[in-house]
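Asks: Here it is, the structure in full.
In this note's numbering, the protein residues as written are 9 to 191.
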């Protein structure tokens, strides 16, 4: 691929609905974005769905990219991350609905693009999340990103509140230590 094709330049062309630029952007970014969606979803099928949602959103919203606010890859990574969490939640909601577990409809996530995180920081964060076991990881994500209380988590995970409190403390501590090592 020609070295002149950067995410930023391609996004400008995609905003003008240039399908060739979109193909090049897909070739450039899809391996990194798939890695993000796979780390979050931990299921290849769900990660592929999230990647498809990501590129659909990119095609529709490319004109919203502003290079003065951050790099193209950070913008793309934020979309992939948010789409992966949405796909995971939809999948979880389908399972929870069948099990009779209530879930909130609104997803409150920080905007990585506005936070001006770079791709390396996002990658470090995702690697650290990978180090957590599944239940503490799920508890940390639901508590931090969705604001779930310990009581809500206890009902969702079918565990006592004190166990949830311990899982959160351990999970956040592991995450903090991992992020400190990554610096």
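Glycine residues also receive a C-beta, built at the ideal position from the N, C-alpha and C atoms.
Owing to the predicted nature of the structure, the values given are computational and were not obtained by experimental measurement.
Between 180, 181, 145, which has its C-alpha nearest residue 48's C-alpha?
Replies: Stepping through the chain shown from its first residue, residue 48 is reached at position 40. Measuring from the Cα of residue 48, the nearest candidate turns out to be 145.
Asks: For the alpha helix (DSSP H) containing residue 78, name the first residue and the last one.
Replies: Locating residue 78 in the chain shown gives position 70, counting from the first residue. No alpha helix (DSSP H) contains residue 78, which DSSP labels as neither H nor E.
Asks: Use the C-beta contact count for residue 53: other C-beta atoms within 10 angstroms, 16 or more gives buried, fewer gives exposed.
Replies: For the purposes of this step, residue 53 is taken as the residue at position 45 of the chain shown. Result: exposed.
Asks: Could you give the distance in angstroms between the alpha-carbon of residue 60 and the alpha-carbon of residue 177?
Replies: Against the chain shown, residue 60 aligns to sequence position 52. Against the chain shown, residue 177 aligns to sequence position 169. Computed Cα separation, rounded: 35 Å.
Asks: Can you give the Cα-Cα distance for residue 173 and residue 158, rounded to whole angstroms?
Replies: Here residue 173 corresponds to residue number 165 of the chain shown, with the count starting at 1. Here residue 158 corresponds to residue number 150 of the chain shown, with the count starting at 1. Going from the Cα of residue 173 to the Cα of residue 158 covers about 6 Å.
Asks: Would you say residue 55 and residue 87 are within 8 Å of each other, going by their C-beta atoms?
Replies: In the chain shown, counting from the first residue as 1, residue 55 sits at position 47. In the chain shown, counting from the first residue as 1, residue 87 sits at position 79. It is not a contact, given that the beta carbons lie outside the stated cut-off.
Asks: Taking the Cβ atom as the reference point for each residue, do residue 89 and residue 44 lie within a distance shorter than 8 Å?
Replies: By 1-based counting over the chain shown, the position of residue 89 is 81. By 1-based counting over the chain shown, the position of residue 44 is 36. Yes, the pair counts as a contact, with Cβ atoms nearer than the cut-off.
Asks: Can you list, in chain order, the residues of its chain whose CB lies under 7 Å from that of residue 42, leaving out five sequence neighbours each side?
Replies: Against the chain shown, residue 42 aligns to sequence position 34. Within the same chain, residue 42 has close Cβ partners 55, 59.
Asks: Three-state secondary structure (DSSP) at residue 57?
Replies: The count along the chain shown starts at 1 and reaches residue 57 at position 49. It is helical.
Asks: Quick one: measure Cβ to Cβ for residue 23 and residue 71, integer angstroms, because I've assumed they're closer than 8 Å.
Replies: Taking the chain shown and counting its residues from 1, the one referred to as residue 23 is at position 15. Taking the chain shown and counting its residues from 1, the one referred to as residue 71 is at position 63. Yes, they are in contact, since the Cβ atoms of residue 23 and residue 71 sit about 4 Å apart, within 8 Å.
Asks: Leaving out five residues on either side along the sequence, give the residues of the same chain with a beta carbon under 7 Å from the beta carbon of residue 67.
Replies: Position 59 of the chain shown holds residue 67. Excluding residues within five positions, the ones whose Cβ falls inside 7 Å are 22, 30.
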